[in-house]
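A.B. asks: The opening residue of the sequence shown carries number 4 in the numbering used here; numbering runs sequentially from there. One structure coming up, written as structure tokens, with questions to follow.
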Amino acid sequence: MDPVQVLRNFYLLSSTLLVSFNVVPSLQQRFLKYGARATKVKDEHGKPIEEPESNSRLSQLMDLLASFGVPHSWFTHFYIASVASSVFWAIQVARKGLVFRFLAELHLDHSVNEPSMTIDQVVLVWALMAIQGCRRLYECITLTKPTTSKMGAAAYLLGLVFYLAMGVVVWVEGIPSILANDISFLSLATMIQPSVKTAIGVPLFLLGLIAQNTCHTYLASLKKYSLPKEGLFRGIISPHYTSECVIYLGLAIAGAPPGQPLNKTIATVVFFEAINLGITAESTRAWYSEKFGAKSIEGRWRIFPYVY
């Protein structure tokens, strides 16, 4: 099977599962909420919805799966995985290693003749993703406060797979160009050529990166479980999530093959992030409303201004 299609299907299927889980209160409570947001699902009158007791095997199985959790501090593992994946695939792609050749052969055997990223796009988008991974790892090490909260094991595993897969996503649509060109570290600077797409995608990426870092730094300065009110938080409940989507949108534009407005594989990542972070932003809104009152967040958008 074509690895391009496998990756696209993974992000689209994951998005579908998240939406499905979110619309079923019992699944939402078990698998999508953790930490401060792990509160009871409520009805239109603000009263907790009590799930009827069930001795069914399915209910017991779901309870068992939901009981597996990991420390929230393991969030750092996502970015260790991201950086490690970037380094591993840089070596594989540059040397046309065994694992790269295996994926390249699968792609060429099953591809539908889509246009390829140029070699300079491959290098650029890989570099930008490596920067994002390193920055987030640095933030996790320097800004994260100790906590006893946990996150679900399923969410943890999904996060690990997400970031490991991103190491492939950033170059997989450029396999033909990689095979046709030699990449050396000495030639990296000359490979990154300016274009309309990089002129749009790179500033968008940097805008998201700077905005997210500003948000994370501000959040780290607050007392635990307090209401953020400054900067982008004045108008958006979760602007750090907005910034994350902007970062990946920048990558999708910068990595768009000739004749394409977006890199389709990275676009599925943007879609997944919008769904995943949109759900989390709504959970955050509900928690803020319960803890600080609905008026405290009145007029703020959850994640996407004028949309949601």
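Cβ coordinates follow ideal geometry from the N, Cα and C atoms, glycine included.
How would you call R288, buried or exposed, if buried means at least 16 neighbouring beta carbons within 10 angstroms?
C.D. replies: Its Cβ being crowded by 16 or more others within 10 Å, R288 is buried.
A.B. asks: So S89 and G170 are supposed to be a Cβ contact under 8 Å. How far apart are they, rounded?
C.D. replies: The Cβ separation is near 5 Å, so the contact holds.
A.B. asks: Determine the extent of the alpha helix (DSSP H) in which K200 is found, giving its start and end residues.
C.D. replies: From DSSP, the alpha helix (DSSP H) with K200 extends over V199 to S224.
A.B. asks: Mapping the DSSP letters down to three states, classify G281 as helix, strand or coil.
C.D. replies: The answer is helix: DSSP assigns G281 an H, G or I state.
A.B. asks: By a C-beta neighbour count over all protein chains shown, 10 Å radius and 16 as the cutoff for buried, is N116 buried or exposed?
C.D. replies: Label assigned to N116: exposed.
A.B. asks: Taking 7 Å as the limit between beta carbons, can you name the residues of its chain near F78, skipping five residues before and five after?
C.D. replies: Around F78: C143.
A.B. asks: Give every residue of the same chain whose Cβ lies closer than 8 Å to the Cβ of E247, excluding the five residues on either side of it in the sequence, and list them in chain order.
C.D. replies: Once the five neighbours on either side are set aside, the close Cβ partners of E247 are G211, Q215, E276 and L280.
A.B. asks: Contact between the region 251-259 and the region 231-240: three or more CB pairs below 8 Å?
C.D. replies: With the cut-off at 8 Å, the region 251-259 and the region 231-240 do not touch.
A.B. asks: How far does the beta strand (DSSP E) with P231 in it reach, from first residue to last?
C.D. replies: Premise fails: P231 is in no beta strand (DSSP E) and is neither H nor E.
A.B. asks: Tell me whether the beta-carbon of G72 lies closer than 7 Å to the beta-carbon of G155.
C.D. replies: Result yes, Cβ atoms of G72 and G155 sit closer than 7 Å.
A.B. asks: Smallest Cα separation from N184: which of V86, V96, Y291 and I282?
C.D. replies: Answer by Cα proximity: V96.
A.B. asks: Report back the beta-carbon spacing between S119 and P74 to the nearest angstrom; my notes put them in contact at under 8 Å.
C.D. replies: About 42 Å; that fails the 8 Å criterion.
A.B. asks: Could you round the C-beta distance between A93 and L182 to whole angstroms and report it? I think they count as a contact, below 8 Å.
C.D. replies: Actually they are not in contact, since the Cβ atoms of A93 and L182 sit about 16 Å apart, beyond 8 Å.
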